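Just add 2 to wherever you are in the sequence shown, counting from 1, and you've got the working numbering. Glycine is no exception: its CB is placed at the ideal position from the N, C-alpha and C atoms. As the structure is a computational prediction, the values presented were derived from the model and not from experiment.
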Amino acid sequence: MATSEQIKALVRAHWSDDPERFRTVALQVAAHEATQGHGIFAHELRAIVDNALRKEHRAVIVQYPPELQGLVRTEEPSTPLAALVLPNGLTDRIHRVIEEYVQRDKLRAHGLGPRRKLLLAGLPGTGKTLTARILAHELQLPLSVVQLDMLVTKYMGESPARLRQIFDLIAHSPAVYLFDEFDAIGGGRTLGDDVGEMRRVLNAFLQFIEQDRSDSLIVAATNSPELLDHALFRRFDDLLEYPLPGPEERRRLVSNALGVFLDKRFGFATVIKASTGLSGAEIVLACCDAMKAAILSDSSHVAARALVPFLHERHEVRRR
Ligand SMILES: Nc1ncnc2c1ncn2[C@@H]1O[C@H](COP(=O)(O)OP(=O)(O)O)[C@@H](O)[C@H]1O
Ligand SMILES: [Mg+2]
Numbered sequence: 003m004a005t006s007e008q009i010k011a012l013v014r015a016h017w018s019d020d021p022e023r024f025r026t027v028a029l030q031v032a033a034h035e036a037t038q039g040h041g042i043f044a045h046e047l048r049a050i051v052d053n054a055l056r057k058e059h060r061a062v063i064v065q066y067p068p069e070l071q072g073l074v075r076t077e078e079p080s081t082p083l084a085a086l087v088l089p090n091g092l093t094d095r096i097h098r099v100i101e102e103y104v105q106r107d108k109l110r111a112h113g114l115g116p117r118r119k120l121l122l123a124g125l126p127g128t129g130k131t132l133t134a135r136i137l138a139h140e141l142q143l144p145l146s147v148v149q150l151d152m153l154v155t156k157y158m159g160e161s162p163a164r165l166r167q168i169f170d171l172i173a174h175s176p177a178v179y180l181f182d183e184f185d186a187i188g189g190g191r192t193l194g195d196d197v198g199e200m201r202r203v204l205n206a207f208l209q210f211i212e213q214d215r216s217d218s219l220i221v222a223a224t225n226s227p228e229l230l231d232h233a234l235f236r237r238f239d240d241l242l243e244y245p246l247p248g249p250e251e252r253r254r255l256v257s258n259a260l261g262v263f264l265d266k267r268f269g270f271a272t273v274i275k276a277s278t279g280l281s282g283a284e285i286v287l288a289c290c291d292a293m294k295a296a297i298l299s300d301s302s303h304v305a306a307r308a309l310v311p312f313l314h315e316r317h318e319v320r321r322r
């Protein structure tokens with residue numbers, strides 16, 4: 003049967019206001035039960051979680067103009083703010099975005115607007131896409147991801163027109179619009195070759211975002227802010243810079259990711275040291291690797307010394 007620790011973890015997850023966390027713990031309990039030879043119970047528990055998931059992850063059917071098919075992809079994320087591990091100052095600023103949007107009518111009554119146009123900058127795997135999903139969930143809006151690379155490659159010559167259609171959508175269908183890999187167009191004015199099209203797209207973007215007075219959030223994310231044209235920065239209400247996780251964030255990332263697999267006497271000090279310089283995404287992947295290894299060797303816990311080699315492996319992958 004589930005241990006008292008697991009039952010406590012489940013109950014805590016239930017009141018943590020984080021359905022994702024509750025599901026993770028439930029799946030971890032199932033994995034633990036399987037390692038104890040309770041295969042049928044583990045299977046039943048997983049089936050309950052799968053069924054609940056299927057009901058929640060309804061595909062969102064949005065009627066786009068035919069020209070935008072494939073260019074914009076919409077989903078309804080269910081990740082809460084509690085899942086995001088960032089230094090406090092940055093979490094506070096994301097919280098402020100949520101507060102201002104929720105109470106936007108109050109602000110507008112005084113002639114002010116909520117911050118709605120955000121530029122997220124930081125290395126890959128630091129939580130930018132995750133933030134867009136969380137904002138959508140917390141604001142009860144759909145998330146629409148704009149495939150910028152496709153805009154400039156497939157629609158050569160007509161991309162400013164497509165961009166206008168996207169901004170029409172932004173004006174009429176409130177959602178969080180994520181322009182991922184924004185440097186694909188945001189660097190347009192400084193690039194040497196193929197400048198013509200890029201410059202047109204960037205100029206169109208600058209003009210449309212300036213005019214936008216919608217109820218949507220516009221989130222642009224980039225791994226290389228140094229490539230961005232300077233004219234862009236002042237079009238955004240906020241620039242959020244995502245650092246690599248510090249020691250305290252690494253501890254929280256590991257503790258969240260391992261959940262009930264976390265060994266009682268887990269040696270955080272060695273793990274915090276071995277994860278220096280890794281991104282949140284790499285740390286979460288190493289934790290998954292360690293949990294898989296535990297499950298395959300019929301163990302229900304991950305000790306620090308078992309996680310460290312997987313963290314080293316992620317350093318290796320990065321060096322290649
Ligand atoms: N700051 C973070 N807090 C919690 N999880 C994170 C964080 N950064 C990365 N992750 C984990 O890594 C995954 C990928 O991160 P993502 O948001 O796609 O990175 P980015 O968009 O910055 O490249 C996330 O889904 C999450 O599991
Ligand atoms: Mg991303």
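query                                                                                                                                                                      : result
Which whole-angstrom value describes the C-beta separation of Leu241 and Phe235, a residue pair presumed to lie in contact below a C-beta threshold of 8 Å?                : 6 Å
Suppose you measure from the CA of Leu137 to the CA of Gln71; what does that come to, to the nearest Å?                                                                    : 24 Å
Using C-beta distances below 6 Å, list every residue in its chain close to Thr81, excluding the 5 sequence neighbours before and after it, in chain order.                 : Glu22, Arg135, Ile136, His139
In or out: Met200 buried (at least 16 other Cβ within 10 Å) or exposed?                                                                                                    : buried
Once you ignore the five residues that flank Pro79 on each side, which residues in its own chain have a CB closer than 6 Å to its CB?                                      : Arg135, Ala138, His139, Leu145
Only counting runs of 4 or more residues, tell me where the alpha helix (DSSP H) segments fall wholly within the segment 83 to 159, in order along the chain.              : 90 to 104, 106 to 110, 130 to 140, 150 to 156
On the criterion of 16 or more Cβ atoms from any shown chain inside 10 Å, does Gly194 qualify as buried, or is it exposed?                                                 : With a pLDDT of only 49 at Gly194, under the threshold of 50, the placement of this residue in the model should not be trusted, and no figure is reported.
Going by CA-CA distance only, name the one from Asp52, Phe169, Gln149, Ser18 that's closest to Ile187.                                                                     : Gln149
Over what stretch of residues does the beta strand (DSSP E) that includes Thr81 continue unbroken?                                                                         : Careful: Thr81 lies outside any beta strand (DSSP E) and carries neither H nor E.
Using DSSP bridges, identify the partner residues of Arg75.                                                                                                                : Val147
Compute the distance between the beta-carbons of Ala276 and Leu246, then report whether it is under 8 Å.                                                                   : no
Quick one: what's Arg181 bridged to in DSSP?                                                                                                                               : In the sequence as presented, Arg is not what sits at residue 181; that position holds Phe. Phe181 is bridged to Val148, Ala222.
In angstroms with no decimal places, state the Cα-to-Cα distance between Gln209 and Leu88.                                                                                 : 32 Å
Measuring only the C-alpha atoms, how far is Ala111 from Arg316?                                                                                                           : 51 Å
Indicate whether Gln30 and Gly261 have their beta-carbon atoms separated by less than 8 Å.                                                                                 : yes
Is Thr93 a contact residue of ligand 2, with contact defined as CB to any heavy atom under 7 Å?                                                                            : no
Compute every distance between the C-beta of Asp182 and the non-hydrogen atoms of ligand 2, then say whether any falls below 7 Å.                                          : yes
Between which two residues does the beta strand (DSSP E) holding Asp240 run?                                                                                               : 240 to 244
Look at the Cβ atom of Val2, then the Cβ atom of Ile168, and state whether they are nearer than 8 Å.                                                                       : No answer is possible for residue 2: the residues shown for the chain start at 3 and end at 322.
Ligand 2 and Ala223: does any heavy atom of the ligand fall closer than 7 Å to the residue's C-beta?                                                                       : yes
If we call anything under 8 Å between Cβ atoms a contact, is Leu12 one with Ala28?                                                                                         : yes
Count the C-beta pairs between the segment 287 to 304 and the segment 37 to 47 that are closer than 8 Å, then say yes if the count reaches three, no if not.               : yes
Leaving out five residues before and five after Arg254 in sequence, what residues of the same chain have Cβ atoms less than 6 Å from its Cβ?                               : Val87
Measuring alpha carbon to alpha carbon, tell me which residue in Lys130, Lys156, Ser216 is nearest Phe181.                                                                 : Lys130
Who are the Cβ neighbours of His303 in its own chain at under 8 Å, not counting the five residues just before and after it?                                                : Phe263, Leu264, Asp265, Lys266, Ala296
Considering only the beta carbon of each residue, do Ala259 and Val286 sit closer than 8 Å?                                                                                : yes
Excluding the 5 residues preceding and the 5 following Thr272 in the sequence, name in chain order all residues of the same chain whose CB lies nearer than 8 Å to its CB. : Ala306, Arg307, Val310
The alpha helix (DSSP H) spanning Glu35 covers which residue range?                                                                                                        : 21 to 37
For a quick check, are the C-beta atoms of Ile220 and Arg118 less than 8 Å apart?                                                                                          : yes
Would you say Thr278 touches ligand 2, meaning its beta carbon is less than 7 Å from a heavy atom?                                                                         : no
Rounded to whole angstroms, how far is the Cβ of Asp217 from the Cβ of Leu120, which I believe are closer than 8 Å?                                                        : That pair is no contact at about 15 Å.
Quick check on DSSP: helix, strand or coil for Leu230?                                                                                                                     : coil
Distance check for Gly124 and His232, CA to CA, integer angstroms please.                                                                                                  : 17 Å
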